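Please read the structure below before turning to the comments.
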């Protein structure tokens with residue numbers, strides 16, 4: 457561990473400022489913490505005490521930050537007891553939060569980030585979009601969901617139709633980030649197919665020079681990440697993926713949340729909490 | 007740090023009776039990522055369990071939550087004795103706290119070999135893990151057979167002058183007898199208890215949640231069991247002045263005080279850190295306050311002060327008249 461990592465993670469009592477429910481038991485939670493809002497990098501996460509009755513915290517990715525007001529947003533879906541109890545917490549309640557944690561996504565000199573987020577893997581992509589909005593990058597975001605999207609989507613201003621994908625996430629549109637949606641369900645204006653199919657459509661629409669400028673960033677269910685890594689390989693694109701795993705300490709102490717990684721020295725078991733959660737896709741898949 | 011918390015354990019001077027437990031705090035530095043956390047707040051840090059050769063550990067999932075606790079099966083992932091001695095020990099800030107290495111062998115001889123290697127380092131003490139439930143060579147086979155435990159401690163004793171602490175398994179019939187054999191073989195201290203073997207099943211897939219199928223249960227769920235084991239071991243160890251690290255589900259100062267009353271000279275904190283990384287401050291403060299409130303000069307005056315209930319009814323109920 458390098459010395460710079462010392463004291464980098466804060467333990468904060470954060471008040472719930474907003475807590476909205478969307479279809480499919482999805483929730484967006486707004487928490488107050490000036491420290492976490494200012495220190496967060498895209499791809500980092502927080503470790504939350506959702507209830508006094510559960511022995512373990514829950515790791516949840518940070519979706520966006522508001523550094524002016526000192527708040528940050530999380531998107532989660534009820535998948536078990538922890539998220540179920542979290543969904544019952546009310547505005548005004550205070551949660552113990554540890555964060556920000558982990559090595560986030562690294563922006564490189566590739567100027568066309570291709571952001572692919574599936575389900576509750578969307579938040580880190582939105583976080584990258586927020587970071588790149590004022591920088592010299594031309595990001596393209598693909599968000600996938602099998603339940604209704606946790607935002608009211610709208611027709612993209614540029615009217616571009618990617619094989620039926622015409623609608624976008626309003627917040628990304630406001631930030632000047634082009635975005636399209638994908639689902640296997642019949643949603644109006646949404647690409648019918650896998651996020652990787654839509655990614656192929658996007659990549660095929662680029663010139664060779666433009667494609668050389670693409671770096672893929674992805675977060676989502678394991679099969680989706682496998683498919684994204686395979687797509688990146690096919691187009692010979694660099695690819696960073698964010699992983700998840702059951703997590704206990706979240707500071708590198710227990711080695712409970714590991715992933716098998718290929719290194720020059722052979723196979724290694726890396727901790728998702730502090731060695732990740734972002735890894736080079738070529739080392740993992 | 008509160009002055010009345012300073013204590014002696016196996017010849018080591020500790021700032022506090024708190025020992026951070028092996029497997030919970032990596033190789034001593036990991037928790038310093040947390041703002042407000044300092045190793046100087048604890049008496050000793052027990053480093054992650056190590057083996058002679060490097061180990062990758064078990065496949066995921068390695069942890070899962072259970073009622074009032076969690077199951078883990080990490081599988082002794084570690085870089086091996088050579089790398090620990092050469093790359094990790096030199097980086098530890100030994101001014102802040104005392105460091106204990108935790109060793110596991112696949113044979114009696116291997117325990118002896120690792121103990122010998124660490125005898126030549128500046129590590130403060132060696133904890134012998136004869137109770138890791140999660141790998142075949144993790145020592146539980148040694149820990150569940152008191153004679154094997156004796157032989158492991160004996161060979162380590164021959165190979166090191168460092169203080170030896172033997173970590174006992176609760177997954178055995180008579181922990182006090184095992185403790186007696188370890189004391190006979192020359193252990194300086196005892197750690198009571200390691201995790202209890204447990205399982206959790208995903209009802210959708212009908213598979214165990216833990217990759218290793220089973221694992222070690224820790225957390226508040228095991229506290230009453232750990233407390234009884236400490237009490238039982240203390241009945242043996244007190245006659246030899248062999249101190250105990252009481253551990254198993256401690257999350258508050260009151261929990262820690264219970265263990266000390268039952269016979270623990272120091273208290274181990276592990277799973278509680280995952281819930282509250284700054285819990286040691288609170289436990290230190292609470293123990294110190296309790297000592298002051300009860301006019302006790304230090305933790306040693308509280309150790310083993312348990313006043314057992316008389317279990318024989320002495321009142322005249324008149325029933326037999």
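Chains as they are written, first to last, in my numbering: chain A, 457 to 741; chain B, 7 to 327.
For glycine and all other residues, C-beta sits at the position ideal for the given N, C-alpha and C.
Small disclaimer: the values here were computed from a predicted structure and weren't measured.
Shortest alpha-carbon distance to residue 648(A) belongs to which of 657(A), 638(A), 656(A)? 638(A)
Count Cβ pairs between the stretch 668-687 of chain A and the stretch 562-576 of chain A that sit closer than 8 angstroms; are there 3 or more? yes
How would you list, in chain order, the residues of chain A whose beta-carbon sits under 8 angstroms from the beta-carbon of residue 118(B)?
Those do not exist, as residue 118(B) stays about 26 angstroms from chain A at its closest Cβ, beyond 8 angstroms.
* On the premise that residue 579(A) lies in contact with residue 412(A), defined as a C-beta separation below 8 angstroms, what is that separation, rounded to the nearest angstrom? -> Summary: the structure shown does not reach residue 412(A), with chain A confined to residues 457 through 741, and so no result is reported for it.
_Rounded to whole angstroms, what is the Cα-Cα separation between residue 304(B) and residue 297(B)?_
7 angstroms
Establish whether the CB of residue 36(B) and some CB of chain A are separated by less than 7 angstroms. yes
Exercise for the section: For residue 678(A), decide whether its Cβ has a neighbour in chain B, counting only Cβ atoms nearer than 7 angstroms. Expected result: no
Subject >> Where residue 31(B) meets chain A, residues with beta-carbon distance less than 7 angstroms >> reply: 709
Practice task
Report the partner residues of residue 503(A) according to the DSSP bridge assignment.
Solution key: 515(A), 554(A)
- Whose CA, out of 679(A), 626(A), 662(A), lies closest to the CA of residue 568(A)? 662(A)
- Exposure of residue 22(B), with buried meaning 16 or more beta-carbon neighbours within 10 Å: buried
Next item on the list: Alpha carbon to alpha carbon, how far is residue 172(B) from residue 191(B)? Give it in angstroms, no decimals.
Entry: 11 angstroms
(Q) Just to make sure I have the definition right: I need the residues of chain A whose C-beta is within less than 8 angstroms of the C-beta of residue 225(B). Which are they? (A) Below the 8 angstroms Cβ cutoff, chain A contributes 511 as neighbours of residue 225(B), in chain order.
**OP:** Kindly indicate which residue of 618(A), 733(A), 585(A), 600(A) has the alpha-carbon position closest to the one of residue 627(A).
**Re:** 585(A)
Review point. DSSP three-state call for residue 265(B): helix, strand or coil?
Key: helix
*asked:* What residue range does the alpha helix (DSSP H) around residue 297(B) cover?
replied: 285-299
Pick from 160(B), 153(B), 170(B), 164(B): whose alpha carbon is nearest that of residue 184(B)? 153(B)
- Shorter than 7 angstroms from the beta carbon of residue 115(B) to some beta carbon of chain A? Residue-level contact check: residue 115(B) does not touch chain A, since none of the beta carbons of chain A fall below 7 angstroms from its beta carbon.
- Query: Which residues in the same chain as residue 588(A) place their Cβ atom closer than 8 angstroms to its Cβ, once the five residues preceding and following it in sequence are excluded?
  - Reply: 563, 569, 595, 633
**Study point:** residue 248(B) versus residue 164(B) - alpha carbon distance
**Key:** 18 angstroms
Open item on the list: So if DSSP puts residue 719(A) in a beta bridge, which residue, or which two residues, is it bridged to?
Closed with: 722(A)
Chain A contact residues for residue 41(B), given Cβ-Cβ distances below 8 angstroms: 463, 464, 465, 466, 467
Residue environment, residue 314(B), which counts as buried when at least 16 other CB atoms sit within 10 Å: exposed
* Under 9 angstroms by beta carbon: chain A residues contacting residue 284(B) -> 467
Q) Does any C-beta atom of chain A lie closer than 7 angstroms to the C-beta of residue 68(B)? A) yes
- [ ] Locate the beta strand (DSSP E) running through residue 173(B), then write down its first and last residues.
- [x] 170-173
message: Is there a Cβ of chain A sitting closer than 7 angstroms to that of residue 63(B), yes or no?
response: yes
- Is the Cβ of residue 705(A) closer than 7 angstroms to any Cβ of chain D? The structure shown has no chain D; the protein chains it does contain are A and B.
| Less than 7 angstroms separating the beta-carbons of residue 25(B) and residue 49(B)? | yes
Using the beta-carbon of each residue, which ones in chain A are nearer than 7 angstroms to residue 53(B)? Simply none; closest approach about 11 angstroms.
Review point. Residues of chain A with a CB under 8 angstroms from the CB of residue 76(B): which are they?
Key: 511, 512, 704
_List, in chain order, every chain B residue whose beta-carbon is nearer than 9 angstroms to that of residue 558(A)._
None at all; the shortest Cβ gap to chain B is about 11 angstroms.
Q: Count the C-beta pairs between the stretch 101-112 of chain B and the stretch 121-133 of chain B that are closer than 8 angstroms, then say yes if the count reaches three, no if not.
A: yes
Worksheet item: residue 47(B) and residue 290(B) look like a contact to me (Cβ under 8 angstroms); what is the Cβ gap, rounded to whole Å?
Response: Correct: roughly 6 angstroms between the Cβ atoms.
query: Does the count of Cβ pairs from the stretch 700-715 of chain A and the stretch 727-736 of chain A closer than 8 angstroms reach three?
result: yes
Residue 566(A), DSSP secondary structure in three states: coil
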